[in-house]
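*Asks:* Here the protein sequences line up with chains A and B, keeping their order.
When we follow the numbering used here, the leftmost residue of the first sequence carries the number 1, and every step to the right adds one.
When we follow the numbering used here, the leftmost residue of the second sequence carries the number 1, and every step to the right adds one.
Even glycine gets a Cβ: it sits at the ideal position worked out from N, Cα and C.
Note that the structure is predicted; figures quoted are calculated from it, not measured.
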Amino acid sequence: MHPAGCGIGLRAPHVAEILATRPGIAWLEVHAENYMGGGPAVRSLERLRADYPLSVHGVGLSLGSAEGLDAAHLERLARLVERLQPALISEHLSWSVTGGAYLNHLLPLPYTEEALDVVCRNVTRAQERLGRRLLVENPSGYLRFRHSTIPEVEFLNALARHTGCGLLCDVNNVYVTCANLGGDAAAWLDALAPATVGELHLAGHAVNDADGRTILIDDHGSPVADAVWRLFEHALGRFGTTPTLIEWDTDVPQLAVLLAEAAKAGARLDEASDVVAA
Amino acid sequence: MSSLRELQTGFRAALLAGDERGVAPDVVDDGVNASARLAVYRHHVLTSLTAALEATFPVVCRLVDRRFFGWLADSYVRAHPPAGPCLFEYGADLPEFIAAFPACAPLPWLADVARLEWAMNVALHAPDAVPLEPEALRTLPPPALARLTLRLDPSVTLLASRWPVDAMWDANQAGVDPAPTVDLDAGGAWLEIRRRDGDVVRRALPPAVFAFRAALAEGRALEDAVEGALDADPAFDLAGEIRALLDERSLVA
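As C-alpha cells, then:
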C-alpha cells in the first residue's frame with residue numbers, strides 16, 4: 001500500500017473527528033516521537049491505521065549528530081515502525097542532539113565532506129536497523145556556515161547516492177531557505193535528482209523581521225503561500241505525481257480548513273498525472 | 001573552522017547559555033548578523049519547550065500566570081534541556097526545580113501541584129502493560145508470597161502531599177466556579193493517579209492502603225509493605241487489598 005494523492009499531518013485536535021467521520025484523506029503522517037509511549041494516542045492511531053495509509057515522520061533522530069545516533073531512540077523508532085508498518089518513513093537533514101541534550105529544533109549542518117560522512121554513517125545505521133529506506137527532508141535555513149563547501153542540493157543528492165536513501169522535498173522549506181539565504185528556488189528543485197524524491201511537503205510560513213531585514217520562518221501556522229503553490233507546480237512538472245503532505249502545526253485550524261488545503265494540492269496532483277498520462 | 005562536534009557544542013552554548021563565541025565566527029554575516037540568525041533558532045527552542053511544559057503543567061501555569069511560568073520554564077530549559085526527543089517525557093524534574101527556585105519560595109505548595117500534574121502525565125503516556133492474572137498468586141506457597149515483589153501498573157503514581165493539591169487542581173479547571181476557595185490548611189492528600197480504560201483517574205486512598213501501595217511502588221517486598229500498612233492501621237486487611245489490586249488490574253505480570 002503506497003500513499004498517493006495529498007495527505008495531512010495528523011494533529012491531536014483532529015483525531016476524534018477523523019475517527020468519527022472518516023473523511024476521505026489520501027493518507028496520514030504522524031510524528032514518530034508522539035507515539036512512543038502507550039495510552040489513548042497510540043490506541044487511536046492503531047484504529048486509524050486500518051483505514052488510512054500511514055507515514056511515520058521522525059523529528060528526533062538527529063541524523064546530523066557528530067556523536068552518532070542515540071541507540072535507545074533508534075530502537076524505539078524501530079519498534080514503532082514494526083508495529084505500524086507505515087508506507088513511508090522520513091527524517092531530516094539536520095541535527096538536534098549534542099552532549100546528550102535534545103534541543104528540539106531541526107538545527108543546521110555545515111555542508112562539508114566531514115558532515116556528509118557523519119550523515120551517511122547515521123542514515124546507513126538507521127536504515128540497517130529499520131530494514132527500510134528512509135526519506136530525508138531538506139530543512140528550512142536561517143543561516144549559512146562559512147566553511148560549507150557543498151551546495152545543499154548537491155549534499156542531498158550525494159547522501160542519496162551513498163546511502164540509497166530517498167529524499168523528502170519540502171517545497172516550502174526550499175522557498176524559505178532560498179529567500180533567507182539567497183538562491184533560486186526553481187533552480188534548487190531542478191538540481192535535485194528526480195528519481196530519489198519519494199514525498200513532497202507543503203506548509204505555510206511567517207514573514208518576520210530580523211536585524212532590520214525580512215526573514216521567513218517555517219512555522220507551519222498558515223495556508224500555503226501563493227508563491228509556494230507555484231513552486232509546487234514546478235516540482236510536480238519535474239518529479240511527476242508524488243505523495244504530498246499538508247503540514248499545519250501552530251494555530252491548528254478546523255479539520256475542514258486543512259482538508260480544503262489538501263484538496264487544492266490534490267487537484268494539482270491530478271493535473272500532473274493527466275499530463276503524464278497524455 | 002570548527003569540527004562538526006565542536007560546532008554542535010558551540011551551537012548548544014549559543015542556544016542555551018547565550019554564549020555565541022563558539023559558533024558565531026563560523027556563521028556567514030550577510031545583511032543579517034550572526035546573533036540575529038542564531039536568535040531565530042534560540043527562540044524556537046525555548047518557546048517550543050516552554051509550550052511543551054505548559055501542556056504538561058497547565059495548572060502550575062495558571063497558578064503563577066503565563067508570564068511567570070515563561071520565566072520559570074526558560075530557566076528550567078536552559079538548566080535541564082530534554083534528554084530525548086519524546087516531549088511527553090520532558091519535565092520529570094520540574095517539581096524539584098520549582099522547589100529550589102527562589103522566586104517560588106512564597107508558594108510552598110507549587111512543587112506538589114507540579115508533582116500531581118507530572119503523575120497525570122505519566123498516567124496518560126505510560127506503556128500499556130499486561131495485568132497479572134489472579135491464578136499467578138494462588139499457586140504460590142505462603143513463604144514465597146511474603147518475599148514476593150508485586151509490580152504496580154506503570155501508569156500508577158502514589159503521591160503524598162501536606163497540601164490539599166487535589167482540591168487545588170480541581171479549583172483550577174476551566175469552567176469551574178471562578179472564585180473557589182481552597183483552604184490550604186485543610187490537610188494533606190494521599191493520592192493514587194493512574195490510567196484506566198484510556199482515562200487518567202485520581203482518587204484519595206486511606207492511609208494504610210496508601211502506605212501499602214507506596215511501598216509496592218518503591219519495589220519493596222510484600223512483607224515489608226504489609227508492615228508499613230499495619231503501622232498506619234492495625235486493622236489493615238491484606239487479603240481484601242490484594243483482591244482489590246487484582247480487580248482494579250493494578251498489578252502487572
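Between residue 149 of chain A and the rest of its own chain, which residues show a CB-CB distance below 8 Å, the 5 nearest in sequence each way excluded?
*Replies:* Counting from one through the first sequence, the residue named residue 149 of chain A turns up at place 149. Within the same chain, residue 149 of chain A has close Cβ partners 111, 112, 113.
*Asks:* Exposed or buried, what is residue 104 of chain A when buried is set at 16 or more other beta-carbons lying within 10 Å of its beta-carbon?
*Replies:* Position 104 of the first sequence, counted from the first residue, corresponds to residue 104 of chain A. With 16 or more Cβ atoms within 10 Å of its Cβ, residue 104 of chain A is classed as buried.
*Asks:* Nearest chain B C-beta to residue 101 of chain A closer than 7 Å, yes or no?
*Replies:* What you label residue 101 of chain A is simply residue 101 of the first sequence in a count that begins at 1. Yes, residue 101 of chain A lies at the interface with chain B (some Cβ there is under 7 Å from its Cβ).
*Asks:* Over what stretch of residues does the beta strand (DSSP E) that includes residue 208 of chain A continue unbroken?
*Replies:* Start at 1 with the first residue of the first sequence, and residue 208 of chain A comes out as number 208. Start and end: 206-210.
*Asks:* Measuring straight from C-alpha to C-alpha, what distance separates residue 1 of chain A and residue 236 of chain A?
*Replies:* Along the first sequence, read from residue 1 onward, the residue named residue 1 of chain A stands at position 1. Along the first sequence, read from residue 1 onward, the residue named residue 236 of chain A stands at position 236. Here residue 1 of chain A scores only 48 on pLDDT, less than 50, and its place in the model is too uncertain to base an answer on.
*Asks:* Using 7 Å as the threshold, is the C-beta distance between residue 115 of chain A and residue 38 of chain B below it?
*Replies:* Residue numbering aside, residue 115 of chain A sits at position 115 when the first sequence is read from its first letter. Residue numbering aside, residue 38 of chain B sits at position 38 when the second sequence is read from its first letter. No, Cβ-Cβ distance for residue 115 of chain A and residue 38 of chain B is not below 7 Å.
*Asks:* Looking at the unbroken beta strand (DSSP E) that takes in residue 201 of chain A, where does it start and where does it end?
*Replies:* Here residue 201 of chain A refers to the residue found at position 201 of the first sequence. It spans 197-203 - the beta strand (DSSP E) in which residue 201 of chain A sits, taken as one unbroken run.
*Asks:* Counting only beta-carbon atoms, is residue 210 of chain A nearer than 7 Å to chain B?
*Replies:* Position 210 of the first sequence, counted from the first residue, corresponds to residue 210 of chain A. By this cut-off, residue 210 of chain A is an interface position.
*Asks:* Quick one: is residue 39 of chain A buried, meaning 16 or more other Cβ sit within 10 Å of its Cβ, or exposed?
*Replies:* For this step, residue 39 of chain A is matched to residue 39 along the first sequence. The residue is buried, with at least 16 neighbouring Cβ atoms inside 10 Å.
*Asks:* Along the segment 136-151 of chain A, where does the CB come closer than 9 Å to a CB of chain B? Name the residues.
*Replies:* 142, 143, 144, 145, 146, 147, 148
*Asks:* Could you tell me the boundaries of the alpha helix (DSSP H) in which residue 167 of chain A lies?
*Replies:* Residue 167 of chain A sits at position 167 when you count from the first residue of the first sequence. Looking at the DSSP string, residue 167 of chain A is not in any alpha helix (DSSP H); the run it does join, the beta strand (DSSP E), is 166-170.
*Asks:* Would you call the segment 4-12 of chain A and the segment 24-35 of chain A in contact, with 3 or more CB pairs under 8 Å?
*Replies:* yes
*Asks:* Can you find a CB in chain B that lies within less than 7 Å of the CB of residue 191 of chain A?
*Replies:* As a position in the first sequence, residue 191 of chain A is number 191, starting the count at 1. Chain B contact via Cβ: absent.
*Asks:* Report the three-state DSSP secondary structure of residue 92 of chain A (helix, strand or coil).
*Replies:* The residue given as residue 92 of chain A occupies position 92 in the first sequence. Looking at residue 92 of chain A - three-state DSSP - the assignment turns out to be strand.
*Asks:* Of all the CB atoms in chain A, is at least one closer than 7 Å to the CB of residue 9 of chain B?
*Replies:* The count along the second sequence starts at 1 and reaches residue 9 of chain B at position 9. With respect to chain A, the C-beta atom of residue 9 of chain B has a partner C-beta closer than 7 Å.
*Asks:* When you compare the segment 38-58 of chain A with the segment 192-199 of chain B, are there three or more beta-carbon pairs, one atom per stretch, that lie closer than 8 Å?
*Replies:* Segments in contact, yes.
*Asks:* Which residue or residues does DSSP assign as beta-bridge partners of residue 241 of chain A?
*Replies:* The residue you call residue 241 of chain A lines up with position 241 of the first sequence. Bridge partners of residue 241 of chain A: none, in fact.
*Asks:* Tell me the rounded alpha-carbon separation between residue 32 of chain A and residue 89 of chain B.
*Replies:* One-based indexing of the first sequence puts residue 32 of chain A at position 32. One-based indexing of the second sequence puts residue 89 of chain B at position 89. Those two C-alpha atoms are separated by around 14 Å.
*Asks:* Let me see if you follow: with CB-CB separation under 7 Å, is residue 76 of chain B close to chain A or not?
*Replies:* Within the second sequence, residue 76 of chain B is the residue found at index 76, counting from 1. Output row for residue 76 of chain B: interface = no.
*Asks:* Using DSSP bridges, identify the partner residues of residue 220 of chain B.
*Replies:* For this step, residue 220 of chain B is matched to residue 220 along the second sequence. DSSP output for residue 220 of chain B lists no bridge partner at all.
*Asks:* Given this structure, state the Cα-to-Cα distance separating residue 83 of chain B from residue 204 of chain A, to the nearest angstrom.
*Replies:* Numbered from 1 along the second sequence, position 83 holds the residue referred to as residue 83 of chain B. Numbered from 1 along the first sequence, position 204 holds the residue referred to as residue 204 of chain A. Going from the Cα of residue 83 of chain B to the Cα of residue 204 of chain A covers about 30 Å.
*Asks:* Can you give me the Cβ contacts of residue 221 of chain B inside the same chain, cut-off strictly under 8 Å, excluding the 5 residues immediately before and after it?
*Replies:* Taking the second sequence and counting its residues from 1, one reaches residue 221 of chain B at position 221. If we look at residue 221 of chain B and ignore the five residues flanking it on each side, its Cβ neighbours are 146, 147, 148, 149.
*Asks:* According to DSSP, is residue 1 of chain A helix, strand or coil?
*Replies:* Position 1 of the first sequence, counting from 1, holds the residue named residue 1 of chain A. Note that residue 1 of chain A scores 48 on pLDDT, short of 50, meaning its location in the model is unreliable and no value can be drawn from it.
*Asks:* Using the C-alpha atoms, what's the distance from residue 240 of chain B back to residue 14 of chain A?
*Replies:* Counted from its first residue, the first sequence places residue 14 of chain A at position 14. Counted from its first residue, the second sequence places residue 240 of chain B at position 240. Rounded to the nearest angstrom, the two C-alpha atoms are 43 Å apart.
*Asks:* Within 10 angstroms of the Cβ of residue 208 of chain A, are there 16 or more other Cβ atoms? Answer buried if so, exposed if not.
*Replies:* As a working mapping, residue 208 of chain A is identified with position 208 in the first sequence. The residue is exposed, with fewer than 16 neighbouring Cβ atoms inside 10 Å.
*Asks:* Using DSSP with H/G/I as helix, E/B as strand and the rest coil, what is residue 108 of chain A?
*Replies:* For this step, residue 108 of chain A is matched to residue 108 along the first sequence. Here residue 108 of chain A sits in coil by DSSP.
*Asks:* Less than 6 Å between C-beta atoms, sequence neighbours within five positions excluded: which residues of the same chain meet that for residue 92 of chain B?
*Replies:* The residue labelled residue 92 of chain B in the question sits at position 92 within the second sequence. Within the same chain, no Cβ atom closer than 6 Å to the Cβ of residue 92 of chain B is found once the five residues on either side in sequence are excluded.
*Asks:* Cα-Cα, which of B:194, B:167, B:159, B:191 is closest to residue 185 of chain B?
*Replies:* Here the question's residue 185 of chain B lines up with position 185 in the second sequence. Per the Cα distances, B:167.
*Asks:* Classify residue 21 of chain A as helix, strand or coil using the three-state DSSP reduction.
*Replies:* The count along the first sequence starts at 1 and reaches residue 21 of chain A at position 21. Three-state result, residue 21 of chain A: helix.
*Asks:* What would DSSP say about residue 69 of chain A, mapped onto helix, strand or coil?
*Replies:* Residue mapping note: residue 69 of chain A aligns to position 69 of the first sequence, counting from 1. Correct three-state label for residue 69 of chain A: coil.
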